[in-house]
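Participant: Structure incoming, see below.
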Amino acid sequence: MSGSDWLVLVIEDEMPIRRFLKAALEAQGFKMLEALTGAQAIAMAASHNPDIILLDLGLPDIDGLEVIKRIREWSHTPIIVISARGKDTEKVAGLDAGADDYLAKPFSVEELAARMRVALRHLTRSRQKDEPVFQTGELRVDLARRLVWVGGGEVHLTPIEFKLLAVLVRHSGKVVTQGQLLKEVWGHGSGEQAHYLRNYIH
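Below, the structure written as structure tokens:
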């Protein structure tokens, strides 16, 4: 599975670990966003709508378990905990809070990548159950595989651009409000952030 289509939000306050993850993930083609605090993480999860989240529990402002619970109020994005808390009770607490997987530090790049592939496979399969291939005129959109063609040629979109197009495609023939676009692409709490849209739709 190529990482080039996936946007990863890494929530980690320790710079050496962020650098390690950035090098490892970008080497495999993932696009990476960084958050250093729980508050920043929640805001970025809403504004950028990543495909997968890697979360350290020991954040300086909000405990990671609370971050998971808040994100789970409006998002089903896969969350993998990466934490020095390695006791069974701590792992259970993370999973019960809403995490999809739990990896105790220290860990290898290979194991992390494997767990990410599993989470993303589940995400892809979930999308494939409901996502048809949409075609109108010269536009063709494969929602499950996240591919777009115009006039037979493939068009490469950023993750946000694709998500905007996907919302419009799913509601083809209907009026889509600004608020609806903001909510479906950027998530809960973005209803007043019209400037997000102006960066992409003119």
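Under the numbering used here, think of the first position of the sequence shown as -10, with each following residue one higher. Positions of the beta carbon are idealized from the N, C-alpha and C atoms, including for glycine. Predicted, not measured: the structure shown is a model, and the values here were computed from it.
Take K11 and list the residues in its own chain whose beta-carbon comes closer than 8 angstroms to its own, dropping the five residues that flank it on each side.
Facilitator: Listed in chain order, the non-local C-beta contacts of K11 below 8 angstroms within the same chain comprise V(-1), M21, E23, local neighbours out to five positions each way being set aside.
Participant: Once the 5 residues before and after P39 are set aside, which same chain residues still bring their CB inside 7 angstroms of it?
Facilitator: So the list reads L(-4), V(-3), L(-2), L22, T66, once near-sequence residues are dropped.
Participant: Between the C-alpha atoms of L109 and D2, what's the straight-line distance to the nearest angstrom?
Facilitator: 24 angstroms
Participant: Taking the CB atoms as reference points, tell me whether I41 and M105 lie closer together than 8 angstroms.
Facilitator: yes
Participant: Can you name the start and end residues of the beta strand (DSSP E) that R129 belongs to?
Facilitator: Residues 128 to 131.
Participant: Any idea what DSSP makes of I88, helix, strand or coil?
Facilitator: Note that residue 88 is Ala in the sequence shown, not Ile. It is coil, neither helix nor strand.
Participant: Identify every residue that forms a DSSP beta bridge with L44.
Facilitator: I0, V70
Participant: For the beta strand (DSSP E) that contains Q124, what are its first and last residues?
Facilitator: Start and end: 122 to 125.
Participant: Restricting to Cα atoms, I'd like to know which of A32, R187, L112, F123 is closest to V156.
Facilitator: For the residues A32, R187, L112, F123, the minimum Cα distance to V156 belongs to F123.
Participant: Would you list the one or two residues that DSSP bridges to E23?
Facilitator: For E23, DSSP records a beta bridge to V(-1).
Participant: Count the CB pairs spanning the region 93 to 103 and the region 28 to 37 that are closer than 8 angstroms, and state whether there are at least three.
Facilitator: no
Participant: Contact between the region 40 to 57 and the region 77 to 87: three or more CB pairs below 8 angstroms?
Facilitator: Yes: at least three Cβ pairs fall under 8 angstroms.
Participant: Specify the secondary structure class of W63 as computed by DSSP and reduced to three states.
Facilitator: Correct three-state label for W63: coil.
Participant: Residues in its own chain within less than 8 angstroms of L146 by CB, not counting five upstream and five downstream?
Facilitator: V137, L154
Participant: Using a threshold of 8 angstroms, state whether the C-beta atoms of I68 and L48 are closer than that.
Facilitator: no
Participant: Out of Y189, I71, F151, E143, point me to the one whose CA is closest to L132's CA.
Facilitator: F151
Participant: Any idea what DSSP makes of S53, helix, strand or coil?
Facilitator: In the sequence as displayed, the identity of residue 53 is Gly instead of Ser. DSSP places G53 in helix when its eight states are reduced to three.
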